[in-house]
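Contents: one structure, followed by commentary.
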Amino acid sequence: MAVVADPALLPIEHKVEEGIPLSIEDGLTLFRTGDLHTLGRLAREAKLRKSGRKVFYVLNRYINSTNVCYAGCRFCSFAADEFKERDRAIRMSADEVMAKALETGTNFNQIHIVGGHDPRQLSLDYWLPLMRRFKERLPHVQLSLFTAAEIDYMARRHRTTYPPLLGQLREAGLDNINGGGAEVFAERVRKQICPNKVTAEQWLEIHEEAHRQGIASNATLLYGTIETLEERLDHLVRLRESQDRSPGYNAFIPLAFHPDGNELSYCGWTTGLDDIRMFAVARLMLYNFDHIKAYWMIQGLKVCQVALDFGADDMDGTHGSTDEERIYHSAGTHSGQYVDDREFRRLIEEAGYEPVRRNSTYDEFAFDWKPDAEVVLA
Ligand code: SF4
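Going by this note's numbering, the sequence shown opens with residue 34, and the numbers climb by one from there.
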């Protein structure tokens with residue numbers, strides 16, 4: 034029988050065992066407990082019920098195709114003004130994006146692209162032909178493109194609504210919508226940190242409509258700025274309800290705020306303990322999400338390895354050896370740009386789990402899987 038040092042966790046353990054959704058009050062108890070061992074055990078047991086001893090990773094390419102953006106989010110260090118910051122502004126042509134994706138070969142299963150609200154790039158004229166080219170050239174690669182914030186921007190730009198826009202993107206090959214842009218759903222926080230982008234209701238509506246059309250997605254929470262613990266938990270409950278209404282979220286990814294070079298620098302860095310608690314609480318609150326992702330680029334490989342014992346079952350992607358992630362590197366992350374899949378496997382195995390290579394929708398692949406020779410040579 035496991036020792037539970039904090040008796041306040043006993044009724045929560047009972048609820049988790051009975052499959053009863055945890056309340057915001059339960060979440061607060063979990064965030065505040067000093068009994069980190071029981072918190073970890075409960076989250077680990079919940080993870081084992083979901084995915085056994087498997088921990089997933091994907092061989093992928095990661096591209097920020099543009100950082101031109103006028104949304105002005107206060108936590109952002111990535112966006113550039115194309116006129117005032119010419120030396121920092123990046124806007125890749127479709128050919129450049131294609132060439133970048135192929136730079137290290139074709140043996141990858143996902144291409145992950147996000148960018149700013151760039152009036153010259155974020156349009157169907159740019160993306161639909163490029164997506165079709167990807168699908169023709171790389172039929173084994175899933176397209177994990179855009180956030181709901183970018184999709185909302187595109188809809189406004191083309192004066193259309195979400196269902197037909199998502200239909201066009203799906204027909205061109207969109208497999209998965211990235212989880213960004215959710216930030217914190219609470220209006221109090223959104224008004225202060227990202228007043229000019231998609232609202233919480235619109236973010237949820239886009240993901241739910243995408244799921245109805247057969248497009249998968251992920252979800253995130255940006256934590257560590259001005260939000261309260263209650264607002265973090267409200268965010269998780271709203272995601273849980275969204276998954277019940279329109280299933281299709283694969284993974285939840287807690288995104289730790291990075292303070293370098295933005296207007297919220299005074300919030301500072303999150304701590305290792307806050308990161309670990311965030312993974313565990315997410316695992317326990319989101320009973321209807323299959324995967325909790327510890328994204329090494331954000332919390333760092335070492336914290337993410339520990340997170341595997343606190344409910345996480347995914348370490349995200351290797352990225353290509355020539356990739357240049359800019360969102361978190363502009364904000365001060367100490368993570369590198371690339372992780373060899375052998376390193377993922379070493380870290381996962383050392384933590385006592387079984388590494389499993391996946392794609393965006395969690396189809397499994399042998400670790401040494403390669404695309405057909407004719408694809409490589411095409
Ligand atoms: S977070 Fe995204 S939408 Fe907001 S300013 Fe940065 S690039 Fe633009």
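Virtual Cβ for every residue (Gly too), placed ideally from N, Cα, C.
Since we're looking at a predicted model, the values are computed, not measured.
No Cβ-Cβ contact shorter than 8 Å links L254 with R271. Between the stretch 178-194 and the stretch 207-223, the count of Cβ pairs shorter than 8 Å is three or higher; the stretches touch. Contact between L269 and A315 holds: CB atoms are separated by about 6 Å, below the 8 Å threshold.
Counting only runs of 4 or more residues that sit fully inside the stretch 281-334, the alpha helix (DSSP H) segments are 305-318 and 329-332, in chain order. Residue pairing for Y256: DSSP places it in a beta bridge opposite A289. Exclusion of K117 from the 7 Å shell around ligand 1 follows from its C-beta lying no nearer than that to any non-hydrogen atom of the ligand.
Taking 8 Å as the upper bound for CB-CB distance, A233 and R221 are not in contact here, some 11 Å apart. In this structure A205 is in contact with R165, their Cβ atoms being roughly 5 Å apart against a cut-off of 8 Å.
Shortest gap from the CB of F111 to any heavy atom of ligand 1: under 7 Å. Taking C-beta separations shorter than 8 Å and ignoring five residues to either side along the sequence, the partners of H291 in its chain run S110, W302, I331, Y361, A364, G365 and T366, following chain order.
Close CB contacts of T258 within its chain, under the 8 Å cut and outside five residues either way in sequence, are with F108, V217, V222, I226, F290, L297 and C300 (chain order).
Contact between K326 and A284 holds, since their C-beta atoms are separated by about 5 Å, short of 8 Å. Taken from the Cβ of K335, every heavy atom of ligand 1 lies 7 Å or farther away. Classified as buried, E358 has 16 or more neighbouring CB atoms from the shown chains inside 10 Å of its CB. Within 7 Å of the C-beta of C300 there is not a single heavy atom belonging to ligand 1.
Counted as a single uninterrupted DSSP element, the alpha helix (DSSP H) harbouring K168 occupies residues L157 to R170. In this structure M348 touches Y90 by the C-beta definition: roughly 5 Å separates them, less than 8 Å. Assignment of L55 by DSSP, reduced to helix, strand and coil, places it in the coil class. Sequence-distant Cβ neighbours of V174 in its own chain, meaning closer than 7 Å and more than five residues away, are F141, N142, Q143, I144 and F167. Between A252 and G212, the C-beta gap is smaller than 8 Å, which places the two residues in contact.
Counting only residues of its own chain and dropping the five nearest sequence neighbours on each side, T351 has a CB closer than 6 Å to the CB of L92, V372 and D374.
L72 is a Cβ neighbour of L63, given a cutoff of 8 Å. The residue from D346, G138 and R82 with its alpha-carbon nearest to that of T355 is G138.
Where R391 is concerned, the enclosing beta strand (DSSP E) starts and stops at E387 to R391. Relative to ligand 1, the nearest heavy atom lies less than 7 Å away from the CB of A182. Every beta strand (DSSP E) stretch that sits fully inside the stretch 168-201 and reaches 3 residues is listed by chain position as 175-178.
With a 10 Å radius around the Cβ and a threshold of 16 neighbouring Cβ atoms, K87 comes out buried. A distance criterion of 7 Å places the beta-carbon of G257 beyond contact range of ligand 1, judged by its closest non-hydrogen atom. When DSSP states are grouped into helix, strand and coil, Q143 belongs to the strand group. Minimum Cα-Cα distance from E50 among the listed residues L81, P404 and E242 corresponds to L81.
In terms of Cβ geometry, V101 and D151 form a close pair [threshold 8 Å]. Excluding its 5 nearest sequence neighbours in each direction, F398 has C-beta neighbours in its own chain below 6 Å: R390, listed in chain order.
The residue from H324, L171, I239 and S177 with its alpha-carbon nearest to that of P404 is L171.
When rounded, the separation of the alpha-carbon atoms in L202 and R189 is 15 Å. Going by DSSP, K87 is part of the beta strand (DSSP E) stretching over K87 to V91.
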